[in-house]
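Encoded as structure tokens, the structure appears first; notes follow it.
There are 2 protein chains.
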Amino acid sequence: MKKIIGILGGMGPGATADAFEKLVASTPARKDQEHIPVIVASLPDIPDRTENIIHSGASPLPAMINSLNILKNAGASCIIMPCNTAHYWYDELRKQSDLPFISIIESTCERIIAEEKHPVALLATTATIRTRLYQNKLAKAGITYLLPDEKDQDNIMKSILLYKSGKSKSAYDTLLPCLEKLEKSGAKHFIMGCTEIPLILHDLSRQQPEKYIDTTEELIKKTIRWYYS
Amino acid sequence: MKKIIGILGGMGPGATADAFEKLVASTPARKDQEHIPVIVASLPDIPDRTENIIHSGASPLPAMINSLNILKNAGASCIIMPCNTAHYWYDELRKQSDLPFISIIESTCERIIAEEKHPVALLATTATIRTRLYQNKLAKAGITYLLPDEKDQDNIMKSILLYKSGKSKSAYDTLLPCLEKLEKSGAKHFIMGCTEIPLILHDLSRQQPEKYIDTTEELIKKTIRWYYS
Numbered sequence: 008m009k010k011i012i013g014i015l016g017g018m019g020p021g022a023t024a025d026a027f028e029k030l031v032a033s034t035p036a037r038k039d040q041e042h043i044p045v046i047v048a049s050l051p052d053i054p055d056r057t058e059n060i061i062h063s064g065a066s067p068l069p070a071m072i073n074s075l076n077i078l079k080n081a082g083a084s085c086i087i088m089p090c091n092t093a094h095y096w097y098d099e100l101r102k103q104s105d106l107p108f109i110s111i112i113e114s115t116c117e118r119i120i121a122e123e124k125h126p127v128a129l130l131a132t133t134a135t136i137r138t139r140l141y142q143n144k145l146a147k148a149g150i151t152y153l154l155p156d157e158k159d160q161d162n163i164m165k166s167i168l169l170y171k172s173g174k175s176k177s178a179y180d181t182l183l184p185c186l187e188k189l190e191k192s193g194a195k196h197f198i199m200g201c202t203e204i205p206l207i208l209h210d211l212s213r214q215q216p217e218k219y220i221d222t223t224e225e226l227i228k229k230t231i232r233w234y235y236s
Numbered sequence: 008m009k010k011i012i013g014i015l016g017g018m019g020p021g022a023t024a025d026a027f028e029k030l031v032a033s034t035p036a037r038k039d040q041e042h043i044p045v046i047v048a049s050l051p052d053i054p055d056r057t058e059n060i061i062h063s064g065a066s067p068l069p070a071m072i073n074s075l076n077i078l079k080n081a082g083a084s085c086i087i088m089p090c091n092t093a094h095y096w097y098d099e100l101r102k103q104s105d106l107p108f109i110s111i112i113e114s115t116c117e118r119i120i121a122e123e124k125h126p127v128a129l130l131a132t133t134a135t136i137r138t139r140l141y142q143n144k145l146a147k148a149g150i151t152y153l154l155p156d157e158k159d160q161d162n163i164m165k166s167i168l169l170y171k172s173g174k175s176k177s178a179y180d181t182l183l184p185c186l187e188k189l190e191k192s193g194a195k196h197f198i199m200g201c202t203e204i205p206l207i208l209h210d211l212s213r214q215q216p217e218k219y220i221d222t223t224e225e226l227i228k229k230t231i232r233w234y235y236s
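Chains as they are written, first to last, in our numbering: chain Z, 8 to 236; chain P, 8 to 236.
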């Protein structure tokens, strides 16, 4: 019985496609048949995660559990979820099945801690910041991190929503000044801690792979290690 | 009940990811929740289609039916299959379910015929050429087409397999001289009639979108029209 990776996606769909593409591109296969089996559930009508956490909007959990069950029934042997903010519900989701569930937050923090990449600035949704998904783990490991000020955080959120609405150029232009300010404040590395950010910063982050930590890529690298283990 | 697109993929995985990415990029959505629901089955351990048709290798049909059933059980309301050669089994697959199944061959031919894009050269696997998946439809509509000579066809097949083995630069270098010869022979347009070819010719075909007909893109455009119909 071959292992099948289940991608719990749709948050957002562009980030899901990016994760799938990165999985294919990073697999050491010489022909189709050697590639990793994948089932993707990209059912994006999931209530907005940040809206729920910040403004008490509808909970995304039931829709996320629905996607998880689709993947389980389709034969997935491991779940990954290429959305950082959605990991606020990681423990709840883990309770729904016995399948291994590789965390994007853990995958990313493991690399940052192992390579002592700090001071590191966190680029993420306002909900990911408020729920301290990264900060608690980094602080515990003695990694110094920087957060954007409130105005820049609003702009980062705006940039993510611009990208989700199809405006990738405006998203980039809105995000760039925030990076420059964080860099002036001492940031040596950036966690692209929302899976839309590697898409917004695609060209820039490819030019400086040591500076930009792509959470989607860290998740995929750990998934591939799990697959071959 | 929302419609869900089922992508019967894995042939190859890179082409599957490309189809998914093109679906997301071409959807007129302003936020995650407006995007088209998609389930992808990319279970690439499907016997090679060309090997079966040309050299009587194992049949890919049982594995394709398995993926189709996974999509059906997961709630797909329509099937698409981003692989041209696999459409040799299109009629057999259609018999397996009542779901609409949008053909990549039909989608592409409809555009070529409507826009009278000829003379058109066919770039495809040797199996797609031998089984006349495109030629019969084009000839019937009075579209003149060109096929590569035997040596160039071998190189096109080699280029596709190079891409599938991760060697995208060699794939491009192997394919390019075949295009130049077809162009000298009078081809005004090219059908990228294997879903790896839009990946091999990515930059070139984006520069000349009128010349290169991307079968994955034609399939996705028709799928989006179906979704909103």
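Glycine included, every Cβ here is placed at the ideal spot set by N, Cα and C.
Bear in mind the structure is a predicted one, so any value in this text is a computation, not a measurement.
Inter-residue Cα distance where the pair is residue i and residue j
| i | j | result |
| --- | --- | --- |
| P:S104 | Z:A128 | 51 Å |
| Z:K188 | P:A22 | 40 Å |
| P:G238 | Z:D221 | With chain P running from 8 to 236 in the structure shown, residue 238 of chain P is simply not present. |
| P:K102 | P:I77 | 16 Å |
| P:G64 | P:T133 | 14 Å |
| P:C85 | Z:K191 | 51 Å |
| P:P11 | Z:L15 | Checking the sequence, you will find Ile at residue 11 of chain P rather than Pro. Using only the alpha carbons, I get a separation of about 15 Å. |
| Z:P35 | Z:K158 | 43 Å |
| P:T115 | P:A81 | 28 Å |
| P:S175 | Z:P54 | 39 Å |
| Z:L106 | Z:L100 | 10 Å |
| P:G149 | P:Q160 | 24 Å |
| P:D52 | Z:D156 | 49 Å |
| P:R232 | P:S33 | 11 Å |
| Z:S212 | P:H209 | 21 Å |
| P:A83 | P:W96 | 19 Å |
| P:L226 | P:F108 | 11 Å |
| P:A162 | Z:K228 | A small fix is needed here, since residue 162 of chain P is Asn in this sequence, not Ala. Going from the Cα of P:N162 to the Cα of Z:K228 covers about 34 Å. |
| Z:D98 | P:Y234 | 35 Å |
With 16 other Cβ atoms within 10 Å as the buried cut-off, status of residue i
| i | result |
| --- | --- |
| Z:A240 | Here chain Z covers residues 8 to 236 and nothing more, so residue 240 of chain Z does not appear. |
| P:R56 | buried |
| P:Y219 | buried |
| Z:D25 | buried |
| Z:H125 | buried |
| P:E203 | buried |
| P:T151 | exposed |
| P:K9 | exposed |
| P:P44 | buried |
| P:P184 | exposed |
| P:S236 | exposed |
| P:Q214 | exposed |
Beta-carbon proximity check, residue i vs residue j, cutoff 7 Å
| i | j | result |
| --- | --- | --- |
| Z:E224 | Z:K79 | no |
| P:T230 | P:I136 | no |
| P:L68 | P:G17 | no |
| Z:N59 | Z:S66 | yes |
| Z:H94 | P:P20 | no |
| Z:N91 | Z:G13 | no |
| Z:L169 | Z:A178 | yes |
| Z:F197 | Z:L130 | yes |
| Z:K38 | P:K38 | no |
Proximity to residue i [Cα-Cα], best of the options
| i | options | result |
| --- | --- | --- |
| P:T181 | P:Y97, P:Y152, P:T34, P:M164 | P:M164 |
| Z:I111 | Z:L140, Z:I77, Z:K195 | Z:L140 |
| Z:K147 | Z:L154, Z:E117, Z:K171, Z:I204 | Z:E117 |
| Z:G193 | Z:D159, Z:L153, Z:R232 | Z:L153 |
| P:N143 | P:E113, P:D159, P:K124 | P:E113 |
| P:S166 | P:A134, P:G200, P:I207 | P:I207 |
| Z:A70 | P:Q40, P:L226, P:N91, P:W96 | P:Q40 |
| P:L75 | P:L186, P:V47, P:I198, P:A32 | P:V47 |
| Z:T138 | Z:I61, Z:T34, Z:K9 | Z:I61 |
| P:I119 | P:R213, P:K171, P:K195 | P:K195 |
| P:P89 | P:S212, P:H209, P:P205 | P:P205 |
| Z:V31 | P:F27, P:A32, P:V31 | P:F27 |
| Z:E217 | Z:E123, Z:D98, Z:F108 | Z:E123 |
Cβ-heavy atom distance, residue i to the ligand ADP, below 6 Å
| i | result |
| --- | --- |
| Z:A24 | What this structure holds is no ligand at all, so the ligand ADP is not there to describe. |
Point to revise | Every unbroken alpha helix (DSSP H) inside the region 18-73 of chain Z [4 residues or more] | key: Within the region 18-73 of chain Z, complete alpha helix (DSSP H) segments of at least 4 residues are found at 20-33, 56-62, given in chain order.
Point to revise | beta strand (DSSP E) segments (min. 3 residues) lying fully within the region 94-134 of chain P | key: Entirely contained in the region 94-134 of chain P, the beta strand (DSSP E) runs reaching 3 residues are, in chain order, 127-130.
Point to revise | Every unbroken beta strand (DSSP E) inside the region 146-215 of chain P [3 residues or more] | key: The beta strand (DSSP E) runs lying completely inside the region 146-215 of chain P and spanning 3 residues or more are 196-199, given in chain order.
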